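Encoded as C-alpha cells, the structure appears first; notes follow it.
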Amino acid sequence: MVRRWRSILGCYFLKPMSLEGYGGVWRGGGHRETRYEHACLCPSCQLFLYHPSGSPVIIGSYSPIENDKKEIPNEGRLPDATKGNDHLREVFVETMGLEDIDIVTLSGGHTLGGAHKERSGFEGLWTSNPLIFDNSYFIELLAGEKKGLLKLPTDKAVLDDPVFRPLVEKYAADEDAFFADYAISHMKLSELGFAKA
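Letter by letter, the sequence shown follows residues 932 to 1128 in the working numbering.
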C-alpha cells in the first residue's frame, strides 16, 4: 500500500473533520461534545482536523513516498489477547520500539468500538458507550467484572503490572492526562514504518 501521508492524531481539543455527518461522539473537553453516527476514527481518517474555533489544523508532517522505508512492516502485529504483560512488551516494546506508557495509553483506545469474534475470537464491548472517546475504558477496568462488558486477558494483565497499574489509575482519574498521552502514543504508532524526513 502506498502511503503519502503520515497518519495523525490531534490532542483532546481537536476533532477529525472526517467525522462530520457520521455517528460517534468526540469529546473535546469542557462543554463541547458533538455526536456523529457511524464514526470512523481510523488513523487514515485523522489527516485533517480543526480547532473548535473552526480553523483547519494539520498535525504531523507530510510524508512523500520517497521518505517511506523500503521494507513494509508486517501485517498482523497486534498482540495475542490471551497472553500477558511479557507478550505485550514483546510486541510493543521489542518489536515496535514503543514504551510501557504507550502500551497502556493505546489500550485505552478500546474505549471505542468492540471486539469481533470473526477477527479476534472475542465478542463484546469494553465500555458502556463505545461511540464516545473518553477515559471510561480505565474506569471500567478498575471497576472489575461487569455483566455485558468485555475484559480480555491482556486488559486484566495491565492491572497486575507494577508499571502499568499506576498509569491505569492515573488515566481513570484524569481524562485530560489520558488524552494528552494518547495523542503522543498514537502518533508514535502511526509513524511506524516511516523513515525520518
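For every residue, glycine included, the Cβ atom is placed at its ideal position computed from N, Cα and C.
Please read all numbers here as calculations on a predicted model, not as lab measurements.
{"Asked": "Have a look at Arg1096 and Leu1090 and give me their C-alpha separation to the nearest angstrom.", "Found": "5 angstroms"}
{"Asked": "Give the DSSP-derived three-state secondary structure of Phe1064 in the structure shown.", "Found": "strand"}
{"Asked": "Since Gly1045 contacts Leu1056 with CB under 8 angstroms, what's their CB separation in whole angstroms?", "Found": "4 angstroms"}
{"Asked": "Considering Cα atoms alone, identify which of Ala1111, Ser1121, Glu1076 and Lys1087 is closest to Gly1015.", "Found": "Lys1087"}
{"Asked": "So what does Ala1046 bridge to, in DSSP terms?", "Found": "Gly1055"}
{"Asked": "Is the Cβ-Cβ distance between Asn1066 and Tyr1102 less than 7 angstroms?", "Found": "yes"}
{"Asked": "If you reduce the DSSP assignment to three classes, tell me which class Leu1080 lands in.", "Found": "strand"}
{"Asked": "When DSSP labels each residue in this structure, what does Pro1097 get in the three-state scheme?", "Found": "helix"}
{"Asked": "State yes or no: is the C-beta of Phe1023 within less than 7 angstroms of the C-beta of Leu1043?", "Found": "no"}
{"Asked": "Taking the alpha carbon of Met1118 as the reference point, which residue from Lys1078, Gly1040 and Leu1080 has its own alpha carbon closest?", "Found": "Gly1040"}
{"Asked": "May I ask you to report which of helix, strand or coil DSSP gives Ala1012?", "Found": "coil"}
{"Asked": "Rounded C-beta distance between Thr1036 and Ser1121? I'm assuming under 8 angstroms.", "Found": "No, Thr1036 and Ser1121 are not in contact; Cβ-Cβ is about 13 angstroms, not under 8 angstroms."}
{"Asked": "Could you give the distance in angstroms between the alpha-carbon of Tyr1068 and the alpha-carbon of Glu1049?", "Found": "22 angstroms"}
{"Asked": "Go ahead and pull the three-state DSSP assignment for Gly1039.", "Found": "helix"}
{"Asked": "Taking only three categories from DSSP, how would you classify Leu1019?", "Found": "helix"}
{"Asked": "Using beta-carbon positions only, say whether Val1094 and Leu1072 come within less than 7 angstroms of one another.", "Found": "no"}
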